[in-house]
Amino acid sequence: MDAVATAFGLVFQPYVLMVIVLSAIYGLFVGAIPGLTATMATALLVPVTFFMPPVPAVAAIVTATAMAIFSGDIPSALLRMPGTPASAAYTDEAYLLTKKGQAETALGAGLVFSVLGGIFGVLVLIVAAPALAEVALKFSSFEYFWLVMLGFTCAIFIAGRDPLKGMVSLLLGLLISVVGLENPAGAPRYTFGNAELMGGIPLIPLMIGMFAVSEILRYAVVVAKPVMAVDRPFGNVFSGMWTLLKKYPLQLVRGSALGTAVGALPGAGADIAAWMSYAMSKRFSKEPHKFGTGHVEGIVESGAANNAALGGAWIPALVFGIPGDSITAIAIGVLYLKDMNPGPTLFVNNPQNIYAVFIVFILAQLLMLPFGWGVIKVAKQVLRIPAALLMPLILLFCIVGSFAINNSLFGVVVMLAAGIAGFFMERWGFPVAPTILGVVLGTMLEEQFFSSLIKADGNFLVFFERPIAGTLGAVCLLIWLWPLARRLHAGSVRQRPRGGI
Amino acid sequence: MRRTDASVGIGLALLALAVLWTARAFPDVPGQKLGAALLPMIVGAGLLLCALGLIVRSLRGKAYVDEAPRAAAGSEHFGSALVIVGAVLAYLLLSERLGFLLIAPLCLLAVFRALRVGWRPAIGWAIGGTLLVHLAFYKLLRVPLPWGVITPMY
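For the record, the sequence lines run as chains A and B.
For what it's worth, our numbering labels the leading residue of the first sequence as 1, then goes sequentially.
For what it's worth, our numbering labels the leading residue of the second sequence as 502, then goes sequentially.
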């Protein structure tokens with residue numbers, strides 16, 4: 001209990017509360033502007049959090065991301081442009097609602113059910129994470145190896161559209177993680193005699209490049225003119241929400257639960273949670289024909305899901321140090337910078353910090369109601385801010401932020417290279433998220449795989465001997481072999497008639 | 502997309518071969534048969550297989566279909582993207598010599614103009630943005646942004 005009291009003391013300080021409020025406003029703003037994603041918001045925040053103590057640093061990230069995921073719904077409804085990819089699943093639905101004159105319902109449902117889903121995710125995080133940490137204390141290298149593999153597998157096979165390209169992205173990420181001295185033999189790899197490369201490719205400039213600079217380049221290349229769907233003042237966005245809540249309680253719970261579960265899967269996050277929930281909502285709806293015509297049911301379910309995924313994604317991040325999505329991948333980077341190395345021992349050694357993170361999570365969700373209401377009120381003005389004015393300033397911020405991590409221009413070099421790489425990867429259909437996962441988890445994979453191999457001493461069955469490791473391994477193998485099995489099955493079905501002739 | 506896939510595949514295959522070639526030289530952990538070459542070897546082999554997969558797939562005419570075809574977005578301005586890359590390069594080369602307060606507004610101005618912002622707002626925002634970032638990072642966060650030819654004012 002002492003730890004909980006200390007945690008409250010850590011959070012309820014003027015400085016921390018100010019950080020929370022400012023990052024909430026920042027997150028709402030960035031999320032609401034199309035082209036500036038929630039992941040970009042997080043990456044841009046890191047150089048600033050670099051100069052803060054651990055609790056406000058994590059508080060800033062948690063608050064900004066939660067707000068950005070919600071406010072991504074606003075341009076979805078008004079401009080038919082998702083403010084952040086997590087809103088893409090129901091952008092058309094929300095926009096059609098607005099077209100039907102129900103902008104308030106679209107935005108209100110986005111807000112209220114985001115908050116409810118978010119709280120659900122946080123509650124699961126609070127209950128599940130410490131319990132999982134107890135179990136994780138007994139984990140050996142085999143369990144960690146399979147967990148990392150599961151993260152990679154989910155990122156490629158579940159979150160991605162093209163497994164082959166996802167695999168390439170992941171391998172490129174692993175290749176980046178190989179650079180430097182940090183490996184079992186302590187030998188310099190791909191350092192080309194450069195002292196800066198000895199320490200490896202710095203993670204934060206890499207992420208700023210991949211998520212922010214690439215986005216700026218994309219903006220510069222493709223110029224799309226958004227058209228505002230409403231030209232009247234908004235009414236009360238909360239009216240009718242109680243009716244919706246009574247009408248769709250099952251959808252809310254199902255969306256929240258699926259969202260949390262998908263978020264908790266290492267490697268899959270809010271974007272994919274929203275897509276899956278939307279599909280699930282349509283599949284089980286009593287009125288599936290209304291989907292795609294401006295029907296609020298899908299927004300209720302997937303709006304809850306993407307915010308629930310946020311809390312869920314922090315479960316593997318805090319307990320195992322394995323990110324649930326790109327945002328937590330960045331957050332893990334911050335945790336390491338702040339000497340809050342994620343892992344089960346964090347729960348034992350520094351429980352007050354963990355509880356402080358939980359408290360911030362709840363605060364952020366509660367703040368979302370008034371702040372979200374406020375941002376919807378000024379949404380039309382915010383959306384009128386030309387992105388052309390913001391992008392150059394963001395670029396300068398990226399440059400200075402990448403420099404500030406080590407006070408070295410090398411960070412800016414990495415940022416630029418990553419930005420160009422991210423731009424072309426996206427253009428050629430290679431997802432960026434697996435790359436980031438590969439970079440973040442490469443060292444862990446190598447370490448755990450190496451010690452597992454030495455323990456196994458040539459006997460690969462050892463990888464499956466311990467119950468949890470065996471289960472995780474079996475799940476991975478199942479997901480890997482599933483497409484093959486399906487293709488073989490399809491092949492045999494196709495060949496049967498030919499054989500009959 | 503098909504042709505891009507094939508060329509990317511060839512590029513990746515070359516990269517994979519380079520990784521496999523260089524990884525042979527990495528030392529083992531003393532007393533073990535494994536070492537620093539383990540992960541690079543796996544990555545190299547994996548990349549090679551994927552690259553071959555991409556090439557074979559595009560030769561067979563099967564290709565990943567982009568869900569949001571870019572062509573629909575209208576004309577593309579590659580020049581603007583090049584200006585952005587150029588601005589960052591200019592910052593890298595000149596910031597130490599000229600100083601942040603001189604190079605940053607020039608870079609900003611170039612990027613504003615590349616994004617078709619009018620001259621007047623571009624100049625205003627370039628100067629204002631530079632001062633704001635300098636204040637936030639140099640003054641508040643104490644990041645040692647270079648002064649260059651300007652004598653430090655504070």
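Even for Gly, the Cβ is constructed at its ideal location relative to N, Cα and C.
Note that the structure is predicted; figures quoted are calculated from it, not measured.
Is the CB of residue i under 8 Å away from at least one CB in chain A?
{"i": "residue 570 of chain B", "result": "Only weak support exists for where residue 570 of chain B lies, its pLDDT of 46 falling under 50; the value from the coordinates is given anyway. So, not an interface residue."}
{"i": "residue 539 of chain B", "result": "yes"}
{"i": "residue 615 of chain B", "result": "yes"}
{"i": "residue 653 of chain B", "result": "no"}
{"i": "residue 600 of chain B", "result": "no"}
{"i": "residue 554 of chain B", "result": "yes"}
{"i": "residue 626 of chain B", "result": "yes"}
{"i": "residue 574 of chain B", "result": "Because residue 574 of chain B carries a pLDDT of 47, less than 50, the predicted location of this residue cannot be relied on, and the following value inherits that uncertainty. Closer than 8 Å: yes."}
{"i": "residue 548 of chain B", "result": "yes"}
{"i": "residue 650 of chain B", "result": "no"}
{"i": "residue 562 of chain B", "result": "no"}
Along chain A, which residues have their Cβ under 7 Å away from the Cβ of residue i?
{"i": "residue 536 of chain B", "result": "184 and 185"}
{"i": "residue 702 of chain B", "result": "This structure cannot settle anything about residue 702 of chain B, because the visible part of chain B is limited to 502 through 655."}
{"i": "residue 557 of chain B", "result": "The contacting residues do not exist; residue 557 of chain B stays about 10 Å from chain A at best."}
{"i": "residue 609 of chain B", "result": "392 and 396"}
Report yes or no: is there a C-beta of chain B within less than 8 Å of the C-beta of residue i?
{"i": "residue 428 of chain A", "result": "yes"}
{"i": "residue 393 of chain A", "result": "yes"}
{"i": "residue 124 of chain A", "result": "no"}
{"i": "residue 216 of chain A", "result": "yes"}
{"i": "residue 80 of chain A", "result": "no"}
{"i": "residue 171 of chain A", "result": "yes"}
{"i": "residue 301 of chain A", "result": "no"}
{"i": "residue 164 of chain A", "result": "yes"}
{"i": "residue 333 of chain A", "result": "no"}
Note down, in chain order, every chain A residue with its Cβ under 8 Å from the Cβ of residue i.
{"i": "residue 620 of chain B", "result": "Simply none; closest approach about 13 Å."}
{"i": "residue 644 of chain B", "result": "400, 403, 404 and 407"}
How would you list, in chain order, the residues of chain B whose beta-carbon sits under 9 Å from the beta-carbon of residue i?
{"i": "residue 454 of chain A", "result": "530, 533 and 535"}
{"i": "residue 409 of chain A", "result": "592, 593, 596 and 597"}
{"i": "residue 388 of chain A", "result": "613, 616, 617 and 618"}
Mind reading off the beta-carbon distance from residue i to residue j? Whole number of angstroms is fine, and I expect it under 8 Å.
{"i": "residue 305 of chain A", "j": "residue 117 of chain A", "result": "6 Å"}
{"i": "residue 151 of chain A", "j": "residue 266 of chain A", "result": "3 Å"}
{"i": "residue 211 of chain A", "j": "residue 81 of chain A", "result": "About 18 Å separates the two Cβ atoms, so there is no contact after all."}
{"i": "residue 146 of chain A", "j": "residue 456 of chain A", "result": "Going by Cβ atoms, the distance from residue 146 of chain A to residue 456 of chain A rounds to 13 Å, so no, they are not a contact pair."}
{"i": "residue 19 of chain A", "j": "residue 67 of chain A", "result": "Actually they are not in contact, since the Cβ atoms of residue 19 of chain A and residue 67 of chain A sit about 13 Å apart, beyond 8 Å."}
{"i": "residue 114 of chain A", "j": "residue 63 of chain A", "result": "The Cβ separation is near 14 Å, so there is no contact."}
Residues of chain B with CB closer than 8 Å to the CB of residue i, please, in chain order.
{"i": "residue 167 of chain A", "result": "547 and 551"}
{"i": "residue 178 of chain A", "result": "540, 541 and 544"}
{"i": "residue 416 of chain A", "result": "586, 589, 590 and 593"}
Residues of chain B with CB under 7 Å from residue i, in chain order?
{"i": "residue 420 of chain A", "result": "586"}
{"i": "residue 135 of chain A", "result": "By Cβ distance, chain B contributes nothing, its closest Cβ being about 28 Å from residue 135 of chain A, past 7 Å."}
{"i": "residue 413 of chain A", "result": "593"}
{"i": "residue 189 of chain A", "result": "527, 537 and 541"}
{"i": "residue 245 of chain A", "result": "Under the 7 Å cutoff, chain B gives no residues; its nearest Cβ is about 33 Å from residue 245 of chain A."}
{"i": "residue 175 of chain A", "result": "520 and 544"}
Anything in chain A within Cβ reach of residue i, meaning under 9 Å, just list it in chain order.
{"i": "residue 605 of chain B", "result": "396, 399 and 400"}
Interface positions of the segment 512-523 of chain B facing chain A (Cβ-Cβ less than 9 Å), listed along the chain: In summary, the residues of the segment 512-523 of chain B whose CB is separated from some CB of chain A by less than 9 Å are 513, 516, 517, 520 and 523, in the order they occur in the chain.
Touching by the beta-carbon criterion (3+ pairs, under 8 Å), the segment 66-81 of chain A and the segment 24-32 of chain A: They touch, by the three-pair rule.
Contact list for the segment 48-72 of chain A against chain B, Cβ threshold 9 Å: So the list reads 48, 50 and 51, given in the order they occur along the chain.
Residues of the segment 436-453 of chain A whose Cβ lies closer than 8 Å to any Cβ of chain B, in chain order: From the segment 436-453 of chain A, only 442, 445, 446, 449, 450 and 453 have a Cβ closer than 8 Å to chain B.
Against chain B: residues of the segment 476-487 of chain A by CB proximity under 9 Å: Those residues of the segment 476-487 of chain A that come within reach of chain B (Cβ to Cβ, closer than 9 Å) do not exist; the list is empty.
The segment 546-561 of chain B / the segment 374-383 of chain A touching (three or more Cβ pairs under 8 Å): With the cut-off at 8 Å, the segment 546-561 of chain B and the segment 374-383 of chain A do not touch.
Validate contact between the segment 448-455 of chain A and the segment 235-249 of chain A using beta carbons, cut 8 Å, 3 pairs: Touching, no.
Segment contact flag, the segment 543-551 of chain B with the segment 592-612 of chain B, C-beta cutoff 8 Å, min 3 pairs: Verdict: no, contact absent.
Cβ contact check for the segment 280-296 of chain A and the segment 344-358 of chain A: 3 or more pairs under 8 Å: Not touching, per the Cβ criterion.
Stretch-stretch touch, CB-based, cutoff 8 Å, three pairs: the segment 154-169 of chain A with the segment 428-435 of chain A: Touching, per the Cβ criterion.
Three or more C-beta pairs below 8 Å linking the segment 413-421 of chain A and the segment 119-138 of chain A: The answer is no - the segment 119-138 of chain A does not touch the segment 413-421 of chain A, with fewer than three Cβ pairs under 8 Å.
Inter-stretch contact at 8 Å, needing at least 3 Cβ pairs: the segment 513-521 of chain B / the segment 479-493 of chain A: With a cut-off of 8 Å, the segment 479-493 of chain A and the segment 513-521 of chain B do not count as touching, because too few Cβ pairs lie within range.
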